[in-house]
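Numbering (this note's numbering), first residue to last: 70 to 468. Okay, structure first, notes after.
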């Protein structure tokens with residue numbers, strides 16, 4: 070943006086520098102922006118990440134394959150179940166095994182509940198950081214209802230470590246299906262309330278519509294996936310483009326935007342909550358009976374009773390815990406549709422119980438790469454709403 074030179078008798082105009090973050094509540098704790106301003110207008114922006122220093126990939130290389138689930142929980146800690154599923158599918162691809170049908174349906178059901186929680190958290194942050202505090206509490210209320218079900222199933226409210234290589238840790242608690250089907254209309258009712266309160270609110274529209282526009286081609290060039298890419302009109306969703314688990318047996322739509330602005334990214338997530346509820350209802354209706362773990366002693370721990378009462382199973386348990394699962398030598402890339410987009414794991418095995426290399430492709434890392442471009446030319450007040458639409462999760466971005 071060109072700054073006009075001063076006229077005769079006027080003081081010279083110089084751009085000012087402003088540091089925003091990393092110690093700033095609206096920067097979510099660990100993002101630093103170096104802004105060049107012309108008054109209230111952002112002339113240039115340098116966005117710096119990396120203040121969290123998670124070290125996820127190197128930690129994985131020091132632990133057994135099955136011990137990595139708690140680390141994946143802390144990537145996108147808003148929807149950890151989807152990270153669990155992504156890691157399990159990557160290792161299963163390397164092993165050449167497939168979880169039983171019931172386990173696959175459970176992964177879909179719980180993963181979509183986690184996706185709804187992720188989008189509700191985004192909505193809460195989006196509206197609250199623009200001054201709308203009442204809808205924030207509405208979102209948190211609905212998320213808390215869903216967390217009750219996740220806690221009853223996994224034993225943990227946030228970081229679950231519930232998925233296992235080859236299946237699930239244990240089956241659903243009694244009454245889960247009925248409670249979930251009863252709860253979904255209430256959650257969708259809250260979403261409708263948010264929609265009514267915000268989507269046609271004049272102040273909200275003025276601060277979201279036409280702000281931070283990015284075309285589909287530009288978004289693809291930055292490596293965007295997920296709701297942000299779909300907000301720019303590109304209908305790419307891993308669940309449709311490369312179906313995994315049982316998504317090819319379920320009927321759902323891919324919401325897309327038209328303008329690629331902040332409002333479209335908000336609207337896409339709003340509709341995705343409704344589509345996730347639709348998926349959950351279908352998956353629960355189709356949920357088959359049967360085992361939730363594969364019957365393979367090379368991968369799955371033996372039953373406790375057998376471990377305590379037979380020497381063979383005790384040794385098998387000991388070897389799996391101490392030495393870990395031993396996949397064949399090789400490398401794979403596996404990808405799933407997480408809350409922010411395509412979550413990929415590239416893993417390399419040398420045939421031992423620990424990975425040689427783990428590389429994570431976090432979706433919001435690519436989103437952050439474009440943030441400087443998005444806020445350039447906008448006002449200071451537009452930075453926070455735009456940053457919110459990226460939905461940066463620190464554990465995933467600074468893995």
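All C-beta atoms in this analysis are idealised placements derived from N, C-alpha and C, irrespective of residue type, glycine included. Just so it is clear, the structure is predicted and the values come from calculations on it, not from any experiment.
Task: Helix, strand or coil at residue 368 according to DSSP, with G and I counted as helix - done: As a first step, residue 368 must be located in the chain shown, where it is residue number 299. Coil at residue 368, not helix or strand.
Task: Nearest residue (CA-CA) to residue 110, options 344, 446, 458 and 457 - done: Reading the chain shown from its first residue, position 41 is the one you call residue 110. For residue 110, the nearest C-alpha among the options comes from 446.
TODO: May I have the straight-line CA-CA distance separating residue 372 from residue 366, to the nearest angstrom?
DONE: Stepping through the chain shown from its first residue, residue 372 is reached at position 303. Stepping through the chain shown from its first residue, residue 366 is reached at position 297. Going from the Cα of residue 372 to the Cα of residue 366 covers about 10 Å.
Open item on the list: Could you tell me the alpha carbon to alpha carbon distance between residue 443 and residue 282, rounded to whole angstroms?
Closed with: Translated into positions along the chain shown, residue 443 becomes position 374. Translated into positions along the chain shown, residue 282 becomes position 213. Counting only the Cα atoms, residue 282 lies some 7 Å from residue 443.
TODO: Give every residue of the same chain whose Cβ lies closer than 6 Å to the Cβ of residue 465, excluding the five residues on either side of it in the sequence, and list them in chain order.
DONE: Here the question's residue 465 lines up with position 396 in the chain shown. 144, 145, 431 and 433, listed in sequence order.
Task: Close Cβ partners of residue 172 (< 6 Å) along its chain, the five nearest in sequence each way excluded - done: Sequence index remark: in the chain shown, residue 172 carries index 103 (1-based). Same-chain partners within the cutoff: 236, 237 and 361.
Open item on the list: I'd like to know whether the C-beta atoms of residue 393 and residue 404 end up nearer to each other than 9 Å.
Closed with: Counting from one through the chain shown, the residue named residue 393 turns up at place 324. Counting from one through the chain shown, the residue named residue 404 turns up at place 335. Cβ distance not < 9 Å, so residue 393 and residue 404 don't count as in contact.
TODO: Label residue 274 either buried or exposed according to how many other C-beta atoms from any shown protein chain fall within 10 Å of its C-beta, with 16 as the threshold for buried.
DONE: In the chain shown, counting from the first residue as 1, residue 274 sits at position 205. That one is exposed.
Task: Paired residues, beta bridge with residue 403 - DSSP - done: Your numbering for residue 403 matches position 334 in the chain shown. Beta-bridge pairing links residue 403 to 414.
TODO: Indicate the three-state DSSP secondary structure (helix, strand or coil) for residue 70 in the structure shown.
DONE: Indexing the chain shown from 1 puts residue 70 at position 1. With a pLDDT of 49 at residue 70, under the threshold of 50, the modelled position of this residue cannot be trusted, and the question is left open.
Open item on the list: If contacts are defined as beta-carbon pairs under 8 Å, then residue 324 and residue 341 qualify, I think. What distance do you get, rounded to the angstrom?
Closed with: Along the chain shown, one-based indexing puts residue 324 at 255. Along the chain shown, one-based indexing puts residue 341 at 272. 6 Å between Cβ atoms; contact.
Open item on the list: For chain D, check one thing: does any of its Cβ atoms lie closer than 9 Å to the Cβ of residue 429?
Closed with: Although the question refers to chain D, the structure presented lacks it and comprises just one protein chain.
Task: Top-ranked residue by Cα proximity to residue 116, from 441, 209 and 448 - done: Taking the first residue of the chain shown as position 1, residue 116 is located at position 47. The shortest Cα separation from residue 116 among 441, 209 and 448 belongs to 441.
- [ ] Compare the Cα-Cα distances from residue 153 to each of 163, 228 and 222 and report the closest residue.
- [x] Taking the first residue of the chain shown as 1, we reach residue 153 at position 84. Of 163, 228 and 222, the residue nearest in Cα terms is 228.
Task: Proximal residues to residue 226 (C-beta, below 6 Å), its chain only, five neighbours per side dropped - done: Translated into the one-based positions of the chain shown, residue 226 becomes position 157. Within the same chain, residue 226 has close Cβ partners 216 and 220.
Open item on the list: Using 8 Å as the cut-off, can you tell me whether the segment 193-207 makes contact with the segment 376-387, which would need three or more C-beta pairs spanning the two stretches below that distance?
Closed with: no
Open item on the list: Quick check: the Cα distance between residue 70 and residue 165, rounded to an integer number of angstroms?
Closed with: Translated into the one-based positions of the chain shown, residue 70 becomes position 1. Translated into the one-based positions of the chain shown, residue 165 becomes position 96. With a pLDDT of 49 at residue 70, under the threshold of 50, the predicted position of this residue should be treated as unreliable, though the coordinate-derived value follows. Going from the Cα of residue 70 to the Cα of residue 165 covers about 55 Å.
- [ ] Enumerate, from N- to C-terminal direction, the unbroken alpha helix (DSSP H) stretches of 4 or more residues contained entirely within the segment 310-369.
- [x] Listed in chain order, they are 331-355.
Task: Simplified DSSP state of residue 447, which is helix, strand or coil - done: For the purposes of this step, residue 447 is taken as residue 378 along the chain shown, with counting starting at 1. Three-state result, residue 447: coil.
Task: residue 190 and residue 147 closer than 9 Å at C-beta - done: Counting from one through the chain shown, the residue named residue 190 turns up at place 121. Counting from one through the chain shown, the residue named residue 147 turns up at place 78. With contacts defined by Cβ atoms closer than 9 Å, residue 190 and residue 147 form a contacting pair.
Task: Where the alpha helix (DSSP H) containing residue 388 begins and where it ends - done: For the purposes of this step, residue 388 is identified with residue 319 of the chain shown, where counting begins at 1. Element bounds for residue 388: 380-391.
Task: Simplified DSSP state of residue 238, which is helix, strand or coil - done: What you label residue 238 is simply residue 169 of the chain shown in a count that begins at 1. The answer is coil: DSSP assigns residue 238 none of H, G, I, E or B.
TODO: Please classify residue 428: does DSSP put it in a helix, a strand, or coil?
DONE: Mapped onto the chain shown, residue 428 falls at position 359. Here residue 428 sits in strand by DSSP.
Task: Counterpart residues of residue 114 in DSSP-defined beta bridges - done: For the purposes of this step, residue 114 is identified with residue 45 of the chain shown, where counting begins at 1. Answer is 104.
Open item on the list: Using C-beta distances below 6 Å, list every residue in its chain close to residue 422, excluding the 5 sequence neighbours before and after it, in chain order.
Closed with: By one-based count along the chain shown, residue 422 stands at place 353. Excluding residues within five positions, the ones whose Cβ falls inside 6 Å are 133, 392, 393 and 395.
TODO: Since I believe residue 321 is in contact with residue 338 (beta carbons under 8 Å), could you give me their beta-carbon distance rounded to a whole number of angstroms?
DONE: Residue mapping note: residue 338 aligns to position 269 of the chain shown, counting from 1. Residue mapping note: residue 321 aligns to position 252 of the chain shown, counting from 1. The pair is not a contact, with the Cβ atoms about 15 Å apart (cut-off 8 Å).
- [ ] Could you pull out every residue in the same chain whose Cβ sits closer than 7 Å to the Cβ of residue 468, ignoring the five residues on either side in sequence?
- [x] What you label residue 468 is simply residue 399 of the chain shown in a count that begins at 1. 123, 125, 126, 144, 429 and 431.
Task: Entirely enclosed alpha helix (DSSP H) segments - the segment 283-313, minimum 4 residues - done: With a minimum length of 4 residues, the continuous alpha helix (DSSP H) runs that stay inside the segment 283-313 are 285-290, 295-300 and 307-310.
- [ ] With residue 179 as the anchor, note down where its alpha helix (DSSP H) starts and where it stops.
- [x] Indexing the chain shown from 1 puts residue 179 at position 110. Per DSSP, residue 179 belongs to the alpha helix (DSSP H) from 170-197.
TODO: Look up residue 212 in the DSSP assignment and say whether it is helix, strand or coil.
DONE: Counting from one through the chain shown, the residue named residue 212 turns up at place 143. Three-state DSSP puts residue 212 in a helix.
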